[in-house]
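Here the sequence shown is numbered in the numbering used here, starting from 32 and rising by one per residue.
Beta carbons are placed, not taken as given, at the ideal position from N, Cα and C, and that holds for glycine.
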Amino acid sequence: MKCDDVRSANIIADEDGVECLVIDRETFDQTVGTFNELQKYLQGYVATLDRDDKKRHARRSLSRHQSHPLSPDVIQLKEMVSTFPTSTPFDQLEVVATLGVGGFGRVELVKLQGKDVTFALKVIKKKHVVDNRQQEHIHSERKILAEARSPFVVKLYRTFKDDKYVYMLLEACLGGEIWSLLRDRGSFDETTAKFCVGCVTEAFDYLHRKGVLYRDLKPENLMLDTEGYIKLVDFGFAKKIRCGQKTWTFCGTPEYVAPEIILNKGHNFSVDFWSLGILVFELLTGSPPFSGSDQMMTYTFILKGIEKMDFPKKITKRPDDLIRKLCRRNPSERLGNLKNGITDIKKHRWFNGFNWEGLKVRTLPSPLKRELSGPTDHSYFDIYPPDEDSPPDELSGWDIDF
32 MKCDDVRSAN IIADEDGVEC LVIDRETFDQ TVGTFNELQK YLQGYVATLD RDDKKRHARR
92 SLSRHQSHPL SPDVIQLKEM VSTFPTSTPF DQLEVVATLG VGGFGRVELV KLQGKDVTFA
152 LKVIKKKHVV DNRQQEHIHS ERKILAEARS PFVVKLYRTF KDDKYVYMLL EACLGGEIWS
212 LLRDRGSFDE TTAKFCVGCV TEAFDYLHRK GVLYRDLKPE NLMLDTEGYI KLVDFGFAKK
272 IRCGQKTWTF CGTPEYVAPE IILNKGHNFS VDFWSLGILV FELLTGSPPF SGSDQMMTYT
332 FILKGIEKMD FPKKITKRPD DLIRKLCRRN PSERLGNLKN GITDIKKHRW FNGFNWEGLK
392 VRTLPSPLKR ELSGPTDHSY FDIYPPDEDS PPDELSGWDI DF
C-alpha cells in the first residue's frame, strides 16, 4: 500500500474455489485515500480520542453544521406568527392566490391581515395522509424544516392543524419554479445551469452535514426567491440517517431515481449526488437523460447506465464529465461520495472560476432574478381554480404534535 512494490507473498485458494474481488490502486486511493493520508487520519483520530469529550463534541458541531443564524426579519416574523392559535390560521391570514396543487392538497399565497407580509401556506389533507400512510413523512418534513438554518432551504415559520388539514406556514418564493422557467426557455445556458447546481450543491452540503437525506430533487422542487436564489422545497421524502446507515424506502421521481433504489439494495446520501447529475443534464437540455413510455421502461433505461449514452452536442466536455461522474452505477464511485466528499463537486473543472464564497453569502448576482411588483405578485405561477372540495374530517390524532 505504501509504495508500488509487488506483493511477494503467496495466497493459496481453498480447494472448493474462491471468489476474488479486485480493486485497482487509483480507485482505492479515490475512495479510501492513499496510505499516507490514512496514516495521518488514524494518527489524528487516536489523538482526538484522548481529548475531552465535551470539547470535541462542541467543536465538531460547530464545524460540521455551519448553520446560518436567523435574520432579524425572520425572528420577528416567527415571533409574530407564534401568537396565532394552533387551529385554523385564516383568522389572521387572507388567501391571495393558489401557487400549486397536488394530491396532498394545495399551496396558497397568504397575506398577513393589515400588513404587506406574505407566506406560502401548505394545506395538507389529513385523510389523504392517513390513506397513503404518510404520517411519518409529514412529521419528518416538519421536524427537518423546523431545524433547518440554510439560505438554500425554504424556511418554515410554524404549523397549524384542524379537523381536516394540517398546515405549514412557509417562506413565499415568488420567483416561481425552476421547472416552469425551464419549460418556457427550453434549456438553460451553462452560466445559469451552473448557478442552479451551485445552489443545490450548497443545500446538499448543509443537509448532509446535518444527516438529512433529501431524495426528491427535480426542477419542480426548486423555487426562486426575490433575489433569484434557489430554495429547496418539499421535504416529504427527506429523512435523517446516521453516518454509514442505509435506508430502503422506495421513493423519488422516476426519472431521478438512482439504481440502488430501484434494486432495493439500500441507499444513503449518494442518491442525492446521482439526482444532481440528472439535474445538470435536464437543465442543459430541457429533459432528463432517462425517460420511457412508462415508469418500468424508465427504470430499465436507468439500470442500463449512463456510461455509454451519447449526450446531445449542447452538453460540452466539462459538464459531460461531471454528469457521468455523478451518475456512476456504483454509489461508492460517485463524485461527492468519495473521500473528499462534496468538495470534489465544487472543485470539478466545470466550476472553474465559480464564486462559491459569493454564492454562500448571496453577493453573487443571480442570472435568474425576476422582476416583482411587490409581496403579493404571483405572476410567475400558473392559474388554478378555487378548491371547492372539502375533505372529510380525520380525527385519529396522528397530528397531535402539530
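Which first and last residues belong to the alpha helix (DSSP H) in which Phe332 is found?
Walking along the sequence shown from the start, residue 332 turns up at place 301. First-last of the alpha helix (DSSP H) with Phe332: Gln326 to Lys335.
Beta-bridge partners of Arg189, as assigned by DSSP
One-based indexing of the sequence shown puts residue 189 at position 158. DSSP lists Leu200 as the beta-bridge partner residues of Arg189.
Exposed or buried, which one is Asp122 when buried takes at least 16 other CB atoms within 10 Å?
Residue 122 sits at position 91 when you count from the first residue of the sequence shown. Residue burial is scored here from C-beta neighbours: Asp122 has fewer than 16 other C-beta atoms within 10 angstroms and is therefore classed as exposed.
Per DSSP, what kind of secondary structure is Ala44 in: helix, strand or coil?
The count along the sequence shown starts at 1 and reaches residue 44 at position 13. Coil, per DSSP.
Same chain, Cβ closer than 8 angstroms to Val311, five either side skipped, listed in chain order
Looking up residue 311 in the sequence shown gives position 280. Excluding positions up to five away in sequence, the list reads Ala224, Val228, Pro350, Leu353, Ile354 and Leu357.
List the residues that DSSP assigns as beta-bridge partners of Arg137.
Locating residue 137 in the sequence shown gives position 106, counting from the first residue. Under DSSP, Arg137 shares a beta bridge with Val132 and Val154.
How is the alpha helix (DSSP H) around Ile175 delimited, first residue to last?
The residue labelled residue 175 in the question sits at position 144 within the sequence shown. For Ile175, the enclosing alpha helix (DSSP H) covers residues Gln166 to Glu178.
For Leu213, which of helix, strand or coil comes out of DSSP?
The residue you call residue 213 lines up with position 182 of the sequence shown. The answer is helix: DSSP assigns Leu213 an H, G or I state.
Would you mind sorting Tyr76 into buried or exposed? The rule is 16 or more other CB atoms within 10 Å of its CB.
Taking the first residue of the sequence shown as position 1, residue 76 is located at position 45. Because the pLDDT of Tyr76 is 42, which lies under 50, any placement of that residue in the model is unreliable, and the question is left without a value.
How about Thr329 and Pro285: are their beta carbons less than 7 angstroms apart?
Locating residue 329 in the sequence shown gives position 298, where the first residue counts as 1. Locating residue 285 in the sequence shown gives position 254, where the first residue counts as 1. Between Thr329 and Pro285, the C-beta gap is smaller than 7 angstroms, which places the two residues in contact.
Could you spell out the range, first to last residue, of the beta strand (DSSP E) harbouring Met254?
Position 223 of the sequence shown, counted from the start, is the residue given in the question as residue 254. Note, Met254: beta strand (DSSP E), Leu253 to Leu255.
Alpha helix (DSSP H) runs contained entirely in the segment 267–342, provided each spans 4 or more residues
Uninterrupted alpha helix (DSSP H) stretches at least 4 residues long and entirely within the segment 267–342 occur at 290–293, 301–316 and 326–335, given in chain order.
Inter-residue spacing [alpha-carbon to alpha-carbon] between Val392 and Ile106:
Position 361 of the sequence shown, counting from 1, holds the residue named residue 392. Position 75 of the sequence shown, counting from 1, holds the residue named residue 106. In a straight line, the C-alpha of Val392 is about 19 angstroms away from that of Ile106.
Whose C-alpha, out of His159, Arg214 and Arg216, is nearest the C-alpha of Val197?
Reading the sequence shown from its first residue, position 166 is the one you call residue 197. Of His159, Arg214 and Arg216, the residue nearest in Cα terms is His159.
Buried versus exposed, by CB contacts within 10 Å (16 or more), Asp256
Start at 1 with the first residue of the sequence shown, and residue 256 comes out as number 225. Asp256 should be labelled buried.
Who are the near neighbours of Val264 in its chain, counting only those whose CB is closer than 6 angstroms to its CB and skipping five residues on each side?
On the sequence shown, residue 264 is found 233 positions in, with the first residue counted as 1. Cβ within range, chain order: Val185, Asn252 and Met254.
Give me the Cα-Cα distance between Pro290 and Phe115, rounded to the nearest whole angstrom.
As a position in the sequence shown, residue 290 is number 259, starting the count at 1. As a position in the sequence shown, residue 115 is number 84, starting the count at 1. Looking at the two C-alpha atoms, the distance is approximately 45 angstroms.
Should Cys274 go down as buried or exposed, given a rule of 16 or more other Cβ atoms within 10 Å for buried?
For this step, residue 274 is matched to residue 243 along the sequence shown. With a 10 Å radius around the Cβ and a threshold of 16 neighbouring Cβ atoms, Cys274 comes out exposed.
Under a Cβ-count criterion, where at least 16 other Cβ atoms within 10 Å of its own Cβ denotes burial, should Glu178 be classed as buried or exposed?
The residue you call residue 178 lines up with position 147 of the sequence shown. Exposed, by the Cβ-count rule.
Tell me the rounded alpha-carbon separation between Arg137 and Leu52.
Along the sequence shown, read from residue 1 onward, the residue named residue 137 stands at position 106. Along the sequence shown, read from residue 1 onward, the residue named residue 52 stands at position 21. Looking at the two C-alpha atoms, the distance is approximately 51 angstroms.
DSSP-derived helix/strand/coil call for Thr374
As a working note, residue 374 is residue 343 in the sequence shown. Judged by DSSP in its simplified three-state form, Thr374 adopts helix.
Tell me the DSSP secondary structure of Leu244 in three-state form.
Locating residue 244 in the sequence shown gives position 213, where the first residue counts as 1. For Leu244, the secondary structure class from DSSP, reduced to helix, strand or coil, is strand.
Own chain, CB closer than 6 angstroms to Pro422, minus 5 neighbours either side, in chain order
Counted from its first residue, the sequence shown places residue 422 at position 391. Apart from the 5 residues on each side of it in sequence, Pro422 sits with its Cβ closer than 6 angstroms to the Cβ of Lys156, Lys158 and Lys195 in its chain, given in chain order.
Work out the CA separation of Tyr411 and Gly206 for me, nearest whole Å.
Indexing the sequence shown from 1 puts residue 206 at position 175. Indexing the sequence shown from 1 puts residue 411 at position 380. Going by C-alpha positions, Gly206 is about 6 angstroms away from Tyr411.
Can you tell me whether Ile435 is helix, strand or coil according to DSSP?
There is simply no residue 435 to check, as the chain begins at 32 and stops at 433 in what is shown.
Helix, strand or coil for Thr407 per DSSP?
Position 376 of the sequence shown, counting from 1, holds the residue named residue 407. Note: Thr407 maps to coil in three-state DSSP.
Going by the beta-carbon positions, is the gap between Ile209 and Leu244 smaller than 7 angstroms?
One-based indexing of the sequence shown puts residue 209 at position 178. One-based indexing of the sequence shown puts residue 244 at position 213. For Ile209 and Leu244, no; Cβs fall outside 7 angstroms.
In terms of residue numbering, what span does the alpha helix (DSSP H) encompassing Leu353 cover?
On the sequence shown, residue 353 is found 322 positions in, with the first residue counted as 1. Unbroken alpha helix (DSSP H) run through Leu353: Lys348 to Leu357.
Which residues in the same chain have their Cβ closer than 6 angstroms to the Cβ of Pro343, if we skip the five residues on either side of it in sequence?
Locating residue 343 in the sequence shown gives position 312, counting from the first residue. The answer, listed in chain order, is Thr316.
Whole-angstrom C-beta distance between Lys262 and Arg246, which should lie under 8 angstroms:
The residue you call residue 246 lines up with position 215 of the sequence shown. The residue you call residue 262 lines up with position 231 of the sequence shown. About 17 angstroms; that fails the 8 angstroms criterion.
Would you please state the rounded distance, in angstroms, between the beta carbons of Thr407 and Lys142? I believe it to be under 8 angstroms.
By 1-based counting over the sequence shown, the position of residue 407 is 376. By 1-based counting over the sequence shown, the position of residue 142 is 111. Taking a contact as a CB-CB distance under 8 angstroms, the pair Thr407 and Lys142 counts as one, their CB atoms being some 6 angstroms apart.
Which of the three DSSP states, helix, strand or coil, is assigned to Thr149?
Indexing the sequence shown from 1 puts residue 149 at position 118. DSSP places Thr149 in strand when its eight states are reduced to three.
From Ile431 to Ile169, what distance separates their C-alpha atoms?
As a first step, residue 431 must be located in the sequence shown, where it is residue number 400. As a first step, residue 169 must be located in the sequence shown, where it is residue number 138. Answer to the nearest angstrom: the Cα atoms are 12 angstroms apart.
Tell me whether Met199 is buried or exposed, calling it buried when 16 or more other Cβ atoms sit within 10 Å of its Cβ.
If you number the sequence shown from 1, residue 199 lands on position 168. With at least 16 other beta carbons inside 10 angstroms of its own, Met199 counts as buried.
Environment of Asp55 [buried if 16+ CB atoms lie within 10 Å]
Translated into positions along the sequence shown, residue 55 becomes position 24. Here Asp55 is exposed: its Cβ has fewer than 16 other Cβ atoms, across all protein chains shown, within 10 Å.
Is Glu125 helix, strand or coil when you go by DSSP?
Counted from its first residue, the sequence shown places residue 125 at position 94. Glu125: strand per DSSP, three-state reduction.
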